[in-house]
Amino acid sequence: LSAAFADIRDGCRRTLAALQGVPEQKRAAGREYLAYWTGRIRFGIGFIDTLEAVKKAATLEAEATAARKAGEAGVHRAKLKAAADASAAAKSTAFEAIEYFAAVARNRADYGAIVTLAESIYRPLKRKAESLQGELLLQ
Numbered sequence: 162l163s164a165a166f167a168d169i170r171d172g173c174r175r176t177l178a179a180l181q182g183v184p185e186q187k188r189a190a191g192r193e194y195l196a197y198w199t200g201r202i203r204f205g206i207g208f209i210d211t212l213e214a215v216k217k218a219a220t221l222e223a224e225a226t227a228a229r230k231a232g233e234a235g236v237h238r239a240k241l242k243a244a245a246d247a248s249a250a251a252k253s254t255a256f257e258a259i260e261y262f263a264a265v266a267r268n269r270a271d272y273g274a275i276v277t278l279a280e281s282i283y284r285p286l287k288r289k290a291e292s293l294q295g296e297l298l299l300q
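Quick note on numbering: this note's numbering labels position 31 of the sequence shown as 192, and the sequence is numbered without any gaps.
Here it is in structure tokens:
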């Protein structure tokens, strides 16, 4: 994960902590506003966590491929298992992040973004996790 993304995530975590420290709002509008921004910040943290998890899974998959090409069957299987587990974790992290966003969606633009995230992030991660798990079962 790049330093820039790590800094952004740290800033989001600080913002989330500040939001969680806000006194309970008396008015419904205040509660809704606070819930909206809390959900959006949680989504941002989750999205960056997803990027980190995808990078880990891809690195492990590349290491598994290199071990297979080198004829190291035991290393290949271990790295492939780690890649499958990391890919499943990335899928779960993406789903959770999208759920945070969906829980506070307000308008058609938000709903459109959620559909786009599901189609372009979650579903490909789901297919990849299933593919790696399938490959692992064939070993």
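Beta carbons: idealized from backbone N, C-alpha and C, even for Gly.
- Task: Using 6 Å as the cut-off, classify the Cβ of A165 as near or not near the heavy atoms of the ligand GDP, replying yes or no.
- Result: This structure lacks the ligand GDP, and indeed carries no ligand of any kind.
Measuring alpha carbon to alpha carbon, tell me which residue in T199, A234, A189 and L162 is nearest A179. Of T199, A234, A189 and L162, the residue nearest in Cα terms is T199.
Next on the checklist: My assumption, with CB atoms under 8 Å, is that L297 sits in contact with A245. Please give the rounded CB distance.
Outcome noted: The pair is a contact, with the Cβ atoms about 5 Å apart (cut-off 8 Å).
Practice prompt. Please report how far the alpha carbon of R267 lies from the alpha carbon of Y194, in whole angstroms.
Written response: One C-alpha to the other measures close to 11 Å.
Q | Nearest residue (CA-CA) to R174, options I202, K242 and A290 | A | When each option's Cα is compared against that of R174, the closest is I202.
Could you spell out the range, first to last residue, of the alpha helix (DSSP H) harbouring Y272?
Y272 -> alpha helix (DSSP H) spans R269 to L278.
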